[in-house]
Structures are given as structure tokens and as C-alpha cells.
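The end of the sequence shown is residue 165 by full-length UniProt numbering, with every number in the run present.
Structure, as C-alpha cells:
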Amino acid sequence: TSSSLPGILRWFEVVEKSVEEVAPVQYACETMDNVNKELRQLINTYTIDRKRNINPFSMRLQGIIDANVMGGITKYQQAFFVPEFTKLYPEFSDHVFRLKTLTLDQIEILNSALHLHGQLAPSGVQPLHRRLQERFAQLKQGLRDLSLNPRGRGKSQDTAASIIK
């Protein structure tokens, strides 16, 4: 803009505009990284203040683990973790590897978050907690064969099975 923001004028003349294209796999990395940070913050918040209303924590966990709206990790698997993606777009192989790493980080964070949630959840929330545990087990099972090879050509020993328990 022609003047710095914020200002007292109702409008500012735009003097320069730039557009940056972000590949979907790169955007997925940014999204996953932000969700991981948010989960860590929620764990810290609820560890410090164990009397806090658990509903926001429960809803966030449900939105991540049982992602019915956007599809979550499952959609990333279908879109980016298939060998065809790396063959068609080898220039994004580093982003695919980063997304895989962030996904496995999220599994570890979710494991901690679910453990804490189980400790904090009152009896009325325990059925939801059990559902989250079931869905989390399914999510982990679906990631067991995830190749960790940076170039997408994983060997049997290069899978997430050794990390996901």
C-alpha cells in the first residue's frame, strides 16, 4: 500500500501486488505443521489446567482423528503418499517426505493427547473417548506401511511400522 497499516484513512492505494503459488503438497505440510503446534499447545494447556472445560479439547481431537469433513491424514495418504504422485511430480519428493515425517509426528502427539484426554474425560465423555481410541487405532493401522524413504522407493525396513506401535 502507499501508506503503512494501520492508518486513519478508509482506503489505501495498492502500489504493488505479488502472488505466490503453493503446491498442494506444500500447503499440506504447512497445515500439518500448524495442527501439530496446536495439538502441542492443547496438551500443555490441559496438563497445566486439568479443571479446564474438556469440550474444546475433545472437539479438536475428534476433528483430527475422525476427520469426516476434510478427510484429514487419509486424504493426504490418497493424494500424496501413492507412488504415482512421486513419479508424476518428482520435484515435490522432499515435500512428500516432510509430510510423511509430520504425519508420524502427529501420530505421536495424538497418542499423548489421547492419553491425557482419557485421564481428564468425565464419565459422560468416556464413550467419545473410546470412539476416538478406536478411530486412532484404525488411523495408525492405515499408516503402518508408509514408506519413509525420501525418494518414495521404500524398502520393507523403511516403513512406519517400526515407529507406530
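All C-beta atoms in this analysis are idealised placements derived from N, C-alpha and C, irrespective of residue type, glycine included.
Please read all numbers here as calculations on a predicted model, not as lab measurements.
- Message: What does the Cβ neighbour count give for Leu88, buried or exposed, with the cut at 16 atoms within 10 Å?
- Response: Counting Cβ neighbours within 10 Å, Leu88 comes out exposed, since fewer than 16 surround it.
- Who are the near neighbours of Tyr46 in its chain, counting only those whose CB is closer than 7 Å to its CB and skipping five residues on each side? Excluding residues within five positions, the ones whose Cβ falls inside 7 Å are Arg52, Phe57, Leu116 and Leu120.
- Among Phe12, Arg10 and Asp145, nearest to Pro83 - alpha-carbon criterion: Of the listed residues, the one whose Cα sits closest to Pro83 is Asp145.
- Message: Measuring alpha carbon to alpha carbon, tell me which residue in Leu139, Asp33, Val125 and Thr31 is nearest Ile54.
- Response: Out of Leu139, Asp33, Val125 and Thr31, Val125 has the C-alpha closest to the C-alpha of Ile54.
- Three-way DSSP call (helix, strand, coil) for Asp105 in this model: The three-state secondary structure of Asp105, taken from DSSP, is helix.
- Item | Pro127 versus Val15 - alpha carbon distance | Spanning the two alpha carbons is a distance of roughly 56 Å.
- Task: Would you mind reading off the limits of the alpha helix (DSSP H) that contains Ala28?
- Result: Pro24 to Ile48 is the span of the alpha helix (DSSP H), which, as asked, contains Ala28.
- Task: Return the chain-ordered list of same chain residues with a C-beta closer than 7 Å to the C-beta of Ala113, the five sequence neighbours on each side being excluded.
- Result: Leu39, Leu42, Ile43 and Leu61, listed in sequence order.
- Query: Out of Ile109, Leu139, His129 and Ser93, which has the shortest C-alpha to C-alpha gap to Val25?
  - Reply: The candidate whose alpha carbon is nearest that of Val25 is Ser93.
- Message: Can you tell me whether Asp94 is helix, strand or coil according to DSSP?
- Response: Collapsing the DSSP output to three states places Asp94 in a helix.
- Query: Just the Cα atoms here: how many angstroms apart are Gly152 and Gly118?
  - Reply: Interpretation of Gly152 is limited by its pLDDT of 44, a score under 50 that renders its predicted location unreliable; the figure taken from the coordinates is listed afterwards. C-alpha separation (whole angstroms): 36 Å.
- Message: Whole angstroms are fine: how far does the CA of Glu13 sit from the CA of Arg100?
- Response: It should be pointed out that residue 100 corresponds to Lys in this sequence rather than to Arg. When only Cα atoms are considered, Lys100 and Glu13 end up about 43 Å apart.
- Extent of the continuous alpha helix (DSSP H) to which Pro83 belongs: Its alpha helix (DSSP H) spans residues Pro83 to Leu88.
- Which whole-angstrom value is the C-beta distance of Gln106 and Val35, which I expect to be below 8 Å? Confirmed, about 7 Å.
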